[in-house]
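2 protein chains.
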Amino acid sequence: MQILDGKKTAEALSAELKAEVEALVAKGERRPKLVAILVGNNPASETYVRNKEKKCAELGFISEIRRFDTEVTEARLLQEIDNINADTTIDGLIVQLPLPKHIDEQRVTHHILPKKDVDGFHPVSLGRMLLGLPCYFPATPYGIIKLLAYYKIPTRGKHVVVLGRSHIVGLPVANMLLQKGEPGDCTVTVCHSKTENLPEVLRSGDILIAAVGKADFVKADMVKEGAIVIDVGINRVETDKNPKGWELRGDVAYNEVAPKCSYITPVPGGVGPMTILSLMINTMRARKGEIEE
Amino acid sequence: MQILDGKKTAEALSAELKAEVEALVAKGERRPKLVAILVGNNPASETYVRNKEKKCAELGFISEIRRFDTEVTEARLLQEIDNINADTTIDGLIVQLPLPKHIDEQRVTHHILPKKDVDGFHPVSLGRMLLGLPCYFPATPYGIIKLLAYYKIPTRGKHVVVLGRSHIVGLPVANMLLQKGEPGDCTVTVCHSKTENLPEVLRSGDILIAAVGKADFVKADMVKEGAIVIDVGINRVETDKNPKGWELRGDVAYNEVAPKCSYITPVPGGVGPMTILSLMINTMRARKGEIEE
């Protein structure tokens with residue numbers, strides 16, 4: 001059994017990305033710039049945005065947070081997005097969710113120009129993904145792909161079983177692994193809460209991607225011997241093992257599943273660190289103009 | 001074994017659609033209008049467009065074909081699409097493919113306003129589909145869904161295996177059947193030419209959708225006993241059984257597979273008649289303004 005070390009992989013890819021930025025700067029070119037729109041003061045949102053800001057600083061990207069009070073109108077946000085869409089010094093824009101209830105999240109996020117949609121959740125980004133056209137990939141699925149690629153895990157013809165059909169992880173990663181080329185060319189099954197005979201379906205996976213959001217949901221008897229297991233879950237579980245009173249646990253019952261696997265991602269330190277890195281890769285791709293319009 | 005009769009189903013749904021048009025007209029409202037852009041004189045394209053025209057006439061829709069010589073420039077086509085996008089008396093626009101080689105098909109088809117994209121191939125349409133938002137569905141997958149619905153076949157939790165990963169059929173139908181509600185809520189596997197152990201994968205399907213484009217590819221030993229089989233293939237195969245010298249055959253070896261099935265679509269008369277009907281349903285939905293922007 002080998003660990004798919006997301007922390008180490010993200011560090012290696014970060015070093016590459018940083019070198020790429022410095023090469024740009026050495027040629028007299030502009031650094032990549034990411035702007036985050038942050039409304040209100042939700043503590044989790046503050047943390048997410050701060051982490052993205054830190055990662056930008058580490059890689060030599062420029063970042064900026066545009067803050068708005070909870071009372072901001074939707075029209076004001078749309079206007080701000082117009083400004084950012086038109087600003088050629090800004091490569092990528094993310095709107096930190098959730099937004100206050102009086103604002104239509106969909107209208108706001110879909111107002112981002114697809115070529116600046118580094119979160120990859122715009123319908124145009126997802127539609128292009130399905131069509132196999134150049135596009136931004138949502139960060140978590142992209143992180144999974146990058147991790148498989150880093151460890152040179154062959155995927156062609158393999159059976160991938162994805163547990164969970166969210167728009168954030170399950171559906172995009174399924175569609176990405178169905179595309180031609182590697183990582184990709186997989187047989188892909190998506191299963192979820194309505195699936196009949198779930199353990200049997202899970203056991204058919206050469207590669208199992210668990211993105212169901214339930215701690216320790218996947219047990220040893222649901223995993224094929226020798227499978228590659230990617231655990232996307234980040235669940236807070238109460239514990240008396242530490243003074244905080246909680247710990248992070250994945251969707252996979254790691255201790256019993258790991259011995260059966262050929263590869264497995266730990267939680268934390270698996271998919272998590274790859275996710276923020278993927279946002280940065282998207283931002284660099286935006287800087288290089290890889291996605292038109 | 002019961003036949004899923006696409007011809008009969010399409011007739012029944014056509015009658016409903018026709019009644020809906022007449023109800024509109026009785027209220028003094030405008031009939032749905034579909035415009036097709038046709039470039040050159042490819043005989044197959046002529047046939048397809050003529051069939052759509054006929055279907056429009058049958059249902060009381062207005063249709064119009066805008067013809068261009070093979071030498072037409074891309075700029076001229078884009079301008080025509082701008083005109084149609086802006087014309088509030090036109091509900092749906094299709095560009096018949098293929099286009100001549102000097103024209104970028106993608107640029108042209110993506111120029112159609114998503115709210116008039118009744119073919120459902122615009123990235124915005126496919127992205128909205130993946131997000132579970134209101135959208136036009138591509139005609140063939142939509143026809144399959146409508147056929148399952150008409151026969152009230154329960155799909156929740158069932159394992160659907162889709163053979164083929166094209167943008168036209170395989171990927172959209174897989175994503176549609178993964179959405180919540182019925183027909184949908186399925187476990188979905190997509191397999192294709194790179195799939196290992198293909199017969200075994202196909203045999204796991206409670207519902208098998210064959211969209212591989214190879215005559216008689218799916219044999220009896222690849223199908224689960226009691227499965228529901230949807231045959232999307234329309235393959236011309238040489239024969240001495242008739243004076244034409246060819247006949248249409250599906251992707252499924254019908255004679256040996258049918259006895260194992262609970263339901264099966266014939267070829268012709270299965271998915272085919274549902275496809276053109278689906279385009280008409282999309283056009284009616286456009287007429288009713290169901291899809292914004």
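First to last, the protein sequences are chains A and B. Using our numbering, the first residue of the first sequence is number 1, and each one after it goes up by one. Using our numbering, the first residue of the second sequence is number 1, and each one after it goes up by one. The beta-carbon is built from N, C-alpha and C at its ideal position, and this holds for glycine as well. A quick note: this is a predicted structure, and the numbers were derived from the prediction, not measured.
Of all the CB atoms in chain A, is at least one closer than 7 Å to the CB of residue i?
| i | result |
| --- | --- |
| glycine 40 of chain B | no |
List, in chain order, every chain B residue whose beta-carbon is nearer than 7 Å to that of residue i.
| i | result |
| --- | --- |
| lysine 194 of chain A | Arg156, Gly157, Asp185 |
I need the boundaries of the alpha helix (DSSP H) containing residue i, first residue and last residue.
| i | result |
| --- | --- |
| glycine 92 of chain B | That residue, glycine 92 of chain B, is in no alpha helix (DSSP H); its beta strand (DSSP E) goes 92–95. |
| valine 124 of chain B | 123–131 |
| arginine 31 of chain B | It is not in any alpha helix (DSSP H) - arginine 31 of chain B carries neither H nor E in the DSSP assignment. |
| alanine 19 of chain B | 6–26 |
| isoleucine 276 of chain A | 271–287 |
| serine 148 of chain A | Note on residue identity: the sequence assigns leucine, not serine, to residue 148 of chain A. Leucine 148 of chain A -> alpha helix (DSSP H) spans 139–150. |
| isoleucine 81 of chain B | 74–86 |
| alanine 174 of chain B | 170–178 |
| threonine 109 of chain A | 105–109 |
| proline 199 of chain A | 198–203 |
| proline 43 of chain A | 43–59 |
| valine 118 of chain A | Run containing valine 118 of chain A: none; DSSP gives neither H nor E here. |
| tyrosine 254 of chain B | 254–257 |
From which residue to which residue does the beta strand (DSSP E) around residue i run?
| i | result |
| --- | --- |
| asparagine 235 of chain A | 235–238 |
| leucine 163 of chain B | 159–163 |
| isoleucine 228 of chain B | 228–231 |
| isoleucine 62 of chain B | 62–68 |
| glutamate 247 of chain A | 246–249 |
| threonine 189 of chain B | 187–191 |
| leucine 208 of chain A | 207–210 |
Residue i touches chain B at which residues, Cβ-Cβ below 9 Å?
| i | result |
| --- | --- |
| histidine 167 of chain A | Leu130, Leu131, Gly132 |
Residues of chain A with CB closer than 9 Å to the CB of residue i, please, in chain order.
| i | result |
| --- | --- |
| leucine 178 of chain B | Arg165, Gly170, Leu171, Ala174, Val190, His192 |
Compute the beta-carbon to beta-carbon distance between residue i and residue j, rounded to the nearest angstrom, for a pair I have assumed lies under 8 Å.
| i | j | result |
| --- | --- | --- |
| asparagine 175 of chain B | leucine 163 of chain A | Their Cβ separation, rounded to whole angstroms, is 17 Å, which puts asparagine 175 of chain B and leucine 163 of chain A out of contact at 8 Å. |
| proline 183 of chain B | leucine 148 of chain B | 4 Å |
| cysteine 294 of chain A | methionine 1 of chain A | Residue 294 of chain A is absent from the structure shown; chain A starts at 1 and stops at 293. |
| glutamine 96 of chain B | leucine 38 of chain B | 5 Å |
| proline 266 of chain A | isoleucine 3 of chain A | 6 Å |
| lysine 33 of chain A | isoleucine 62 of chain A | 4 Å |
| aspartate 231 of chain B | aspartate 251 of chain B | 6 Å |
| valine 118 of chain B | glycine 92 of chain B | 3 Å |
| threonine 187 of chain A | valine 201 of chain B | 6 Å |
| arginine 30 of chain A | threonine 89 of chain A | 7 Å |
| threonine 109 of chain B | histidine 122 of chain B | 7 Å |
| glycine 233 of chain B | glycine 6 of chain B | Not quite, the Cβ-Cβ distance comes to about 13 Å (not below 8 Å), so this is no contact. |
TODO: Determine which residues of the region 119–131 of chain A have a Cβ less than 9 Å from any Cβ of chain B, and write them out in chain order.
DONE: Phe121, His122, Pro123, Val124, Ser125, Leu126, Gly127, Arg128, Met129, Leu130, Leu131
TODO: Could you please tell me which residues of the region 194–218 of chain B, in chain order, have their CB closer than 7 Å to any CB of chain A?
DONE: Lys194, Thr195, Glu196, Val201
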